[in-house]
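Step one of this worksheet: look at the structure below.
Protein chains: 2
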Amino acid sequence: MREPALGRHLIVEVFEADSHLLNDVQGLEQLLLDAARAANATVVKSVFHRFSPYGVSGVVVIAESHLTIHTWPEYGYAAIDIFTCGPKMDLDAAVEVIRQGLGGRLLQIEINRGQGVRRLRGDRADCKYAVGATTS
Amino acid sequence: MREPALGRHLIVEVFEADSHLLNDVQGLEQLLLDAARAANATVVKSVFHRFSPYGVSGVVVIAESHLTIHTWPEYGYAAIDIFTCGPKMDLDAAVEVIRQGLGGRLLQIEINRGQGVRRLRGDRADCKYAVGATTS
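As given, the protein sequences belong to chains R and L, one line each in that order.
If you read the first sequence in my numbering, its first letter stands for residue 1, the second for the next number, and so on.
If you read the second sequence in my numbering, its first letter stands for residue 1001, the second for the next number, and so on.
Given below as structure tokens:
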């Protein structure tokens, strides 16, 4: 039986999305925060910026890892990553929030991060939920 | 001829690395900042936190996208992502900084993000370097 991965990393390619939505820095920050919460994540911090002349980049740091988005409104395209650890995370719910919020079409790839590492070491790590020192 | 991707996304799996280094939140923040600068990136912000009892998560937001790290010191493992746009980025230099800093062994996968999107729309987008409004 395959051992569980340490991290689940969902790569989401969004295309044919609305260009105005993809250029709305506040709307996208709210969308990714909503997606994080839909996934049962604990939000630590979010950092978003808008580019000149267009495009938005943003990161939501969660206690269980991160969500990121980079948009190219001129192509109706967004690159989204959802990286989590822990069995309680509902990635499907996060993706559904994004799908509803952005419209367009989505492609997903899931990558198992750290697959095989446990076998090298033996014992079992749980997801780390308790956040200690934070820098910013 | 294949069109250029909008984003280059390097997935780096580090294993058999030193556990103490993987638990040093300040050292890892400095390491990722050094890696970002080695890649010719413009650092916008970094957010790092240490978990209890061990493990570090961090994000370096760059004008050209992001770098992230999540570590499991108990397994000598780190999951690192380097997401960039723009032809001037030197991803190999960034990876070399990480390799030197963490030791251990590295596996890399590169994913072309937004490949094919330009063909849907036609014209060419340059990488967005000029940062506008930033939230935090």
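Don't be surprised by glycine CBs; every beta carbon is placed ideally from N, CA and C.
Judged by their CB atoms, R:Glu64 and R:Gly86 are nearer to each other than the 8 Å cut-off. Runs of the alpha helix (DSSP H) spanning 4 or more residues and lying entirely within the region 1025–1113 of chain L occur at 1025–1038, 1091–1102, in chain order. Going by DSSP, L:His1020 is part of the alpha helix (DSSP H) stretching over 1019–1022. By alpha-carbon distance to L:Val1025, the top candidate from L:Lys1045, L:Glu1003, L:Thr1071, L:Ala1035 is L:Thr1071. Contact holds between the region 95–104 of chain R and the region 34–49 of chain R, because three or more Cβ pairs, one in each stretch, are under 8 Å apart.
Using a 10 angstroms sphere on the CB of R:Arg8, the tally of other CB atoms reaches 16 or more, which defines it as buried.
Spanning the alpha carbons of L:Ile1062 and L:Val1043 requires a straight line of approximately 4 Å. When Cβ-Cβ separations below 8 Å define contact, L:Gly1007 makes contact with chain R. Nearest CB-CB separation between R:Ala79 and chain L: below the 8 Å threshold. Under the Cβ distance rule, R:Arg105 does not count among the residues neighbouring chain L, no pair being separated by less than 8 Å. Neighbours of R:Glu13 in chain L, taken as residues at a C-beta separation under 8 Å, are given in chain order as Arg1113, Gly1114. Contact annotation, L:Leu1022 with L:Gly1076: C-beta distance approximately 7 Å; criterion of less than 8 Å satisfied. In the three-state reduction of the DSSP assignment, L:Arg1118 falls in the helix class.
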